[in-house]
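Asks: Reminder that position 107 of the sequence shown reads as 879 in this note's numbering, one-by-one numbering, no gaps.
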Amino acid sequence: MSMELYLLGWTLVLAIVQILLPAMYRNRETGIDYNAGPRDKEGPPMGVVTARLFRAQKNLFETLPLFIGAILIAHVGLQEGAMTAWGAWLYFLARVAYVPLYAMGIPYVRSMVWGVSLLGLVLVVLAVIF
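1. Does Arg811 come out as helix, strand or coil in the three-state DSSP assignment?
2. Which value, in whole angstroms, describes the spacing of the CA atoms of Glu834 and Ala787?
3. Reducing DSSP to helix, strand and coil, say where Ile843 ends up.
4. Quick check on this structure: which residue in Lys813, Pro817, Val785 and Leu792 has the alpha carbon closest to the alpha carbon of Leu836?
5. Leaving out five residues before and five after Gly815 in sequence, what residues of the same chain have Cβ atoms less than 6 angstroms from its Cβ?
6. Please state if the CB of Gly892 and the CB of Leu862 are separated by a distance shorter than 7 angstroms.
7. Hey, how far is the Cα of Ala854 from the Cα of Met775?
8. Report yes or no: is there a C-beta of chain E within less than 7 angstroms of the C-beta of Leu780?
9. Note down, in chain order, each residue of its chain lying with its Cβ closer than 6 angstroms to the Cβ of Gly859, except the 5 sequence neighbours on either side.
10. Which residue from Thr783, Gly819, Gln790 and Leu898 puts its Cα closest to that of Arg800?
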């Protein structure tokens, strides 16, 4: 298996973690009975960290389909190389770093890390189209 597909697999593991983290935090806030029920009524307000984790999850899900598509196109089109490997590594490592930065509320650095993940995605896309 190529390095790019390997990193895509780990990015999907990260996506699962980012589904579970805010859900676990929210469960601590609302309790099991609320989450197991139909949730007809709005629960208590979301805590700061929980809300940040949900926003970080949403942010990942905005670019994840593009990353998946770019990696699969590069693989199927036999366009994998140094540029796609660098792009996949940058995207994955930046997305991993982004979660705790967002949860801790660290400004600017978080935005720079997001930019690194976008650069990684752009590198893969450029490798595919050129």
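All C-beta atoms in this analysis are idealised placements derived from N, C-alpha and C, irrespective of residue type, glycine included. These figures come from a predicted structure and were not determined experimentally.
Replies: Result, derived from the coordinates:
1. coil
2. 12 angstroms
3. helix
4. Val785
5. Thr802 and Tyr806
6. yes
7. 10 angstroms
8. No chain E is present in this structure, which holds just one protein chain.
9. Gly892, Leu895 and Val896
10. Gly819
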